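Okay, so here's the structure we're looking at.
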Amino acid sequence: MEENNAQLQQEELEALTAIFGDQWQFHSEKVTLPKDYPSLAPPIYLLSSPYLDSREKEILSGKLEEAYLNCAGQPVLFQWSEIIKDAFLEKFESYPVNDAEIQEMTSNTQQVQASSEATRQGCTPAVSSGEPFTDRKSTFQAHVAEVKSKDDVVAVIQLLLANPKIARATHNMYAYRIQGSGGVWIQDCEDDGETQAGSRLLHLLQLADVRDAIVIVSRWYGGIQLGADRFKHINNVARLQLEAEGFIKHKEAKKSNKRR
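Take the sequence shown: its position 22, counted from the start at 1, is 22 in full-length UniProt numbering, and no numbers get skipped.
This is the structure:
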(Lines of atoms letter the chains of each structure in order from A and count residues from 1; the text may use other names and numbers.)
(Lines give C-alpha, C1' and ligand atoms only; values in the text may rest on other atoms or scores of the structure.)
Protein backbone atom coordinates (compact mmCIF):
# COMPACT_ATOMS: atom_id res chain seq x y z
CA MET A 1 0.00 0.00 0.00
CA GLU A 2 2.75 2.45 1.01
CA GLU A 3 4.69 1.77 -2.21
CA ASN A 4 1.54 2.27 -4.27
CA ASN A 5 0.86 5.60 -2.52
CA ALA A 6 4.40 6.77 -3.26
CA GLN A 7 3.94 5.92 -6.94
CA LEU A 8 0.59 7.72 -7.07
CA GLN A 9 2.14 10.78 -5.41
CA GLN A 10 4.99 10.85 -7.93
CA GLU A 11 2.61 10.46 -10.88
CA GLU A 12 0.40 13.25 -9.55
CA LEU A 13 3.31 15.66 -9.12
CA GLU A 14 4.56 14.88 -12.63
CA ALA A 15 1.08 15.49 -14.04
CA LEU A 16 0.81 18.82 -12.22
CA THR A 17 4.21 19.88 -13.54
CA ALA A 18 3.12 18.98 -17.08
CA ILE A 19 -0.16 20.91 -16.72
CA PHE A 20 1.10 24.07 -15.01
CA GLY A 21 4.75 24.18 -16.07
CA ASP A 22 6.53 27.14 -14.45
CA GLN A 23 3.28 28.15 -12.76
CA TRP A 24 3.52 25.10 -10.47
CA GLN A 25 4.63 27.22 -7.51
CA PHE A 26 2.22 27.99 -4.66
CA HIS A 27 3.53 30.64 -2.30
CA SER A 28 0.19 30.69 -0.47
CA GLU A 29 0.09 27.03 0.50
CA LYS A 30 2.49 24.49 1.98
CA VAL A 31 1.54 20.86 1.36
CA THR A 32 2.94 17.69 2.89
CA LEU A 33 1.98 14.33 1.43
CA PRO A 34 1.77 11.69 4.20
CA LYS A 35 2.65 8.09 3.46
CA ASP A 36 -1.05 7.12 3.55
CA TYR A 37 -1.99 9.69 0.84
CA PRO A 38 -4.01 9.29 -1.31
CA SER A 39 -5.49 5.94 -0.27
CA LEU A 40 -6.30 6.70 3.39
CA ALA A 41 -5.21 10.21 4.33
CA PRO A 42 -5.57 13.71 2.84
CA PRO A 43 -2.60 15.99 2.17
CA ILE A 44 -1.50 18.09 5.15
CA TYR A 45 -1.57 21.77 4.23
CA LEU A 46 -0.95 25.20 5.71
CA LEU A 47 -2.51 28.30 4.19
CA SER A 48 -0.34 31.38 4.59
CA SER A 49 -1.27 34.38 2.48
CA PRO A 50 -1.19 38.12 3.28
CA TYR A 51 -4.01 38.63 0.76
CA LEU A 52 -6.59 36.51 2.60
CA ASP A 53 -8.13 37.34 5.94
CA SER A 54 -8.98 34.66 8.50
CA ARG A 55 -12.56 34.31 7.27
CA GLU A 56 -11.46 33.85 3.65
CA LYS A 57 -8.87 31.26 4.70
CA GLU A 58 -11.57 29.40 6.63
CA ILE A 59 -13.85 29.34 3.58
CA LEU A 60 -10.99 28.18 1.34
CA SER A 61 -10.04 25.43 3.81
CA GLY A 62 -13.65 24.22 3.79
CA LYS A 63 -13.61 23.98 0.01
CA LEU A 64 -10.35 22.01 0.06
CA GLU A 65 -11.69 19.56 2.64
CA GLU A 66 -14.94 19.15 0.71
CA ALA A 67 -12.99 18.41 -2.48
CA TYR A 68 -10.98 15.72 -0.68
CA LEU A 69 -14.12 14.06 0.70
CA ASN A 70 -15.67 14.02 -2.76
CA CYS A 71 -12.74 12.05 -4.16
CA ALA A 72 -11.42 10.22 -1.08
CA GLY A 73 -8.76 7.68 -1.95
CA GLN A 74 -7.88 9.50 -5.18
CA PRO A 75 -5.25 12.17 -5.94
CA VAL A 76 -6.67 15.59 -5.14
CA LEU A 77 -3.86 18.14 -5.63
CA PHE A 78 -5.06 19.21 -9.08
CA GLN A 79 -8.55 19.93 -7.74
CA TRP A 80 -7.00 21.84 -4.86
CA SER A 81 -4.84 23.83 -7.28
CA GLU A 82 -7.91 24.85 -9.28
CA ILE A 83 -9.85 25.78 -6.13
CA ILE A 84 -6.99 27.98 -4.89
CA LYS A 85 -6.52 29.59 -8.30
CA ASP A 86 -10.24 30.37 -8.61
CA ALA A 87 -10.28 31.82 -5.09
CA PHE A 88 -7.46 34.24 -5.87
CA LEU A 89 -8.88 35.19 -9.28
CA GLU A 90 -12.22 35.98 -7.65
CA LYS A 91 -10.42 37.94 -4.93
CA PHE A 92 -8.37 40.14 -7.24
CA GLU A 93 -10.99 40.68 -9.95
CA SER A 94 -13.05 42.55 -7.36
CA TYR A 95 -10.03 44.20 -5.77
CA PRO A 96 -10.22 48.01 -6.17
CA VAL A 97 -7.05 49.90 -7.00
CA ASN A 98 -6.68 53.02 -4.85
CA ASP A 99 -4.33 56.01 -4.97
CA ALA A 100 -1.87 54.40 -2.57
CA GLU A 101 -1.60 51.38 -4.83
CA ILE A 102 -1.07 53.58 -7.87
CA GLN A 103 1.86 55.12 -6.01
CA GLU A 104 3.07 51.57 -5.31
CA MET A 105 2.84 50.79 -9.02
CA THR A 106 4.95 53.87 -9.78
CA SER A 107 7.46 52.69 -7.20
CA ASN A 108 7.40 49.23 -8.74
CA THR A 109 8.02 50.83 -12.14
CA GLN A 110 11.21 52.33 -10.77
CA GLN A 111 12.16 48.96 -9.29
CA VAL A 112 11.63 47.19 -12.61
CA GLN A 113 13.70 49.82 -14.40
CA ALA A 114 16.46 49.60 -11.80
CA SER A 115 16.46 45.81 -11.99
CA SER A 116 16.46 46.03 -15.77
CA GLU A 117 19.38 48.45 -15.74
CA ALA A 118 21.31 46.10 -13.48
CA THR A 119 20.85 43.29 -15.99
CA ARG A 120 21.66 45.39 -19.04
CA GLN A 121 25.12 43.84 -19.18
CA GLY A 122 23.70 40.34 -18.74
CA CYS A 123 21.19 38.28 -20.69
CA THR A 124 17.95 40.03 -19.71
CA PRO A 125 16.87 42.94 -21.94
CA ALA A 126 16.21 46.31 -20.32
CA VAL A 127 12.52 46.96 -19.57
CA SER A 128 10.85 50.36 -19.33
CA SER A 129 7.45 50.85 -17.69
CA GLY A 130 5.04 53.70 -18.38
CA GLU A 131 2.91 55.72 -16.02
CA PRO A 132 -0.23 53.96 -14.74
CA PHE A 133 -3.53 55.09 -16.29
CA THR A 134 -6.78 54.67 -14.32
CA ASP A 135 -10.39 54.70 -15.53
CA ARG A 136 -13.27 53.75 -13.23
CA LYS A 137 -10.97 52.00 -10.75
CA SER A 138 -9.27 49.85 -13.40
CA THR A 139 -5.59 50.66 -13.86
CA PHE A 140 -3.47 49.99 -16.94
CA GLN A 141 0.31 50.10 -17.25
CA ALA A 142 2.52 49.31 -20.25
CA HIS A 143 6.00 47.79 -20.23
CA VAL A 144 8.31 47.77 -23.27
CA ALA A 145 11.63 46.09 -24.07
CA GLU A 146 13.83 45.43 -27.08
CA VAL A 147 13.94 41.73 -27.92
CA LYS A 148 15.95 39.83 -30.51
CA SER A 149 14.79 36.27 -29.83
CA LYS A 150 12.12 34.19 -28.10
CA ASP A 151 14.58 33.70 -25.24
CA ASP A 152 14.58 37.48 -24.78
CA VAL A 153 10.78 37.43 -24.69
CA VAL A 154 10.75 34.79 -21.95
CA ALA A 155 13.41 36.68 -19.97
CA VAL A 156 11.42 39.94 -20.10
CA ILE A 157 8.19 38.28 -18.97
CA GLN A 158 9.96 36.51 -16.12
CA LEU A 159 11.59 39.77 -15.02
CA LEU A 160 8.23 41.55 -14.88
CA LEU A 161 6.41 38.74 -13.11
CA ALA A 162 9.13 38.72 -10.46
CA ASN A 163 7.57 42.02 -9.35
CA PRO A 164 4.76 41.06 -6.91
CA LYS A 165 2.44 43.90 -7.94
CA ILE A 166 2.70 43.08 -11.63
CA ALA A 167 2.32 39.37 -10.93
CA ARG A 168 -0.96 40.15 -9.11
CA ALA A 169 -2.43 42.04 -12.06
CA THR A 170 -5.74 40.65 -13.28
CA HIS A 171 -4.31 40.42 -16.80
CA ASN A 172 -0.81 40.72 -18.26
CA MET A 173 -1.45 40.67 -22.00
CA TYR A 174 1.43 41.06 -24.45
CA ALA A 175 2.60 40.95 -28.05
CA TYR A 176 6.02 40.87 -29.64
CA ARG A 177 7.42 41.28 -33.15
CA ILE A 178 10.97 40.34 -34.13
CA GLN A 179 12.54 40.72 -37.56
CA GLY A 180 14.28 37.44 -38.29
CA SER A 181 16.70 36.53 -41.03
CA GLY A 182 15.54 36.18 -44.62
CA GLY A 183 12.58 38.51 -44.13
CA VAL A 184 10.86 36.14 -41.71
CA TRP A 185 8.91 37.70 -38.85
CA ILE A 186 8.85 36.08 -35.43
CA GLN A 187 5.69 37.31 -33.73
CA ASP A 188 3.07 36.15 -31.27
CA CYS A 189 0.68 37.42 -28.62
CA GLU A 190 -1.05 36.41 -25.38
CA ASP A 191 -4.45 37.55 -24.07
CA ASP A 192 -3.95 36.27 -20.49
CA GLY A 193 -7.72 36.07 -20.06
CA GLU A 194 -8.54 39.42 -21.70
CA THR A 195 -10.05 38.09 -24.92
CA GLN A 196 -8.56 39.60 -28.11
CA ALA A 197 -6.33 42.01 -26.17
CA GLY A 198 -3.12 40.28 -27.24
CA SER A 199 -4.10 40.10 -30.90
CA ARG A 200 -5.02 43.80 -30.84
CA LEU A 201 -1.59 44.62 -29.41
CA LEU A 202 0.06 42.57 -32.15
CA HIS A 203 -2.04 44.40 -34.76
CA LEU A 204 -0.77 47.69 -33.31
CA LEU A 205 2.84 46.50 -33.67
CA GLN A 206 2.18 45.46 -37.27
CA LEU A 207 0.43 48.70 -38.27
CA ALA A 208 3.20 50.82 -36.72
CA ASP A 209 5.89 48.55 -38.22
CA VAL A 210 7.42 48.02 -34.78
CA ARG A 211 10.50 45.81 -34.94
CA ASP A 212 12.37 43.81 -32.32
CA ALA A 213 10.11 44.79 -29.42
CA ILE A 214 7.73 43.36 -26.88
CA VAL A 215 4.95 45.31 -25.21
CA ILE A 216 3.19 44.02 -22.11
CA VAL A 217 0.13 45.74 -20.64
CA SER A 218 -0.85 45.00 -17.04
CA ARG A 219 -4.45 45.58 -16.01
CA TRP A 220 -5.72 45.67 -12.45
CA TYR A 221 -9.50 45.26 -12.62
CA GLY A 222 -11.37 47.65 -10.34
CA GLY A 223 -14.79 45.99 -10.24
CA ILE A 224 -16.49 48.15 -12.90
CA GLN A 225 -16.80 46.77 -16.43
CA LEU A 226 -15.36 49.14 -19.05
CA GLY A 227 -16.68 47.46 -22.20
CA ALA A 228 -14.79 48.37 -25.37
CA ASP A 229 -13.03 51.22 -23.55
CA ARG A 230 -10.64 48.70 -22.03
CA PHE A 231 -9.19 47.90 -25.45
CA LYS A 232 -8.75 51.60 -26.16
CA HIS A 233 -6.85 52.05 -22.90
CA ILE A 234 -4.72 48.95 -23.49
CA ASN A 235 -3.66 50.14 -26.93
CA ASN A 236 -3.18 53.74 -25.82
CA VAL A 237 -0.81 52.98 -22.94
CA ALA A 238 1.03 50.51 -25.19
CA ARG A 239 1.40 53.05 -28.01
CA LEU A 240 2.56 55.82 -25.67
CA GLN A 241 5.28 53.64 -24.15
CA LEU A 242 6.39 52.37 -27.55
CA GLU A 243 6.66 55.99 -28.68
CA ALA A 244 8.55 56.94 -25.52
CA GLU A 245 11.12 54.22 -26.23
CA GLY A 246 11.48 55.14 -29.89
CA PHE A 247 9.81 52.07 -31.38
CA ILE A 248 7.06 54.26 -32.87
CA LYS A 249 7.95 57.64 -34.32
CA HIS A 250 5.73 60.60 -33.42
CA LYS A 251 3.38 61.88 -36.11
CA GLU A 252 4.94 65.34 -35.83
CA ALA A 253 8.35 63.93 -36.69
CA LYS A 254 6.94 62.09 -39.69
CA LYS A 255 5.24 65.24 -41.01
CA SER A 256 8.45 67.22 -40.55
CA ASN A 257 10.42 64.64 -42.50
CA LYS A 258 7.88 64.72 -45.34
CA ARG A 259 8.23 68.52 -45.66
CA ARG A 260 11.97 68.11 -46.12
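For glycine and all other residues, C-beta sits at the position ideal for the given N, C-alpha and C.
Predicted, not measured: the structure shown is a model, and the values here were computed from it.
Limits of the unbroken beta strand (DSSP E) element including residue i
{"i": "D152", "result": "Unbroken run through D152 is the alpha helix (DSSP H), 150 to 161; no beta strand (DSSP E)."}
{"i": "I166", "result": "I166 -> not in any beta strand (DSSP E); alpha helix (DSSP H) instead, spanning 164 to 167."}
C-beta atoms of residue i and residue j nearer than 8 Å
{"i": "L242", "j": "V217", "result": "no"}
{"i": "N130", "j": "V237", "result": "The residue asked about is misnamed: residue 130 is Gly in this sequence, not Asn. Yes; because the gap between Cβ atoms is below 8 Å, this pair is in contact."}
{"i": "Q74", "j": "P42", "result": "no"}
{"i": "R239", "j": "A213", "result": "no"}
{"i": "L160", "j": "V127", "result": "yes"}
{"i": "A208", "j": "H171", "result": "no"}
{"i": "V156", "j": "A145", "result": "yes"}
{"i": "F140", "j": "R219", "result": "yes"}
{"i": "residue 261", "j": "K150", "result": "Absent from the structure is residue 261, since the part of the chain shown begins at 1 and ends at 260."}
Beta bridge counterpart(s) of residue i as assigned by DSSP
{"i": "T32", "result": "I44"}
{"i": "H143", "result": "S129, I216"}
{"i": "D53", "result": "Paired residues: none, contrary to the question."}
{"i": "S199", "result": "None; S199 has no bridge partner."}
{"i": "I186", "result": "I178"}
{"i": "S81", "result": "BP columns for S81 are empty, so no partner."}
{"i": "T124", "result": "In the DSSP output, where bridge partners are listed per residue, T124 has none listed."}
{"i": "S138", "result": "D135"}
Run of the alpha helix (DSSP H) containing residue i, from where it starts to where it stops
{"i": "A175", "result": "It is not in any alpha helix (DSSP H) - A175 instead sits in the beta strand (DSSP E) that spans 171 to 179."}
{"i": "Q241", "result": "229 to 244"}
Distance between beta carbons of residue j and residue i, contact taken as under 8 Å
{"i": "residue 263", "j": "P125", "result": "Shown here, the chain extends from 1 to 260; a query on residue 263 therefore has no answer."}
{"i": "I44", "j": "L64", "result": "The pair is not a contact, with the Cβ atoms about 11 Å apart (cut-off 8 Å)."}
{"i": "L40", "j": "S138", "result": "That belief does not hold up - the Cβ atoms of L40 and S138 are roughly 48 Å apart, past 8 Å."}
Near the ligand ZN: residue i beta-carbon under 7 Å from a heavy atom
{"i": "A142", "result": "Summarising the ligand content, the structure contains no ligands, and the ligand ZN is consequently not present."}
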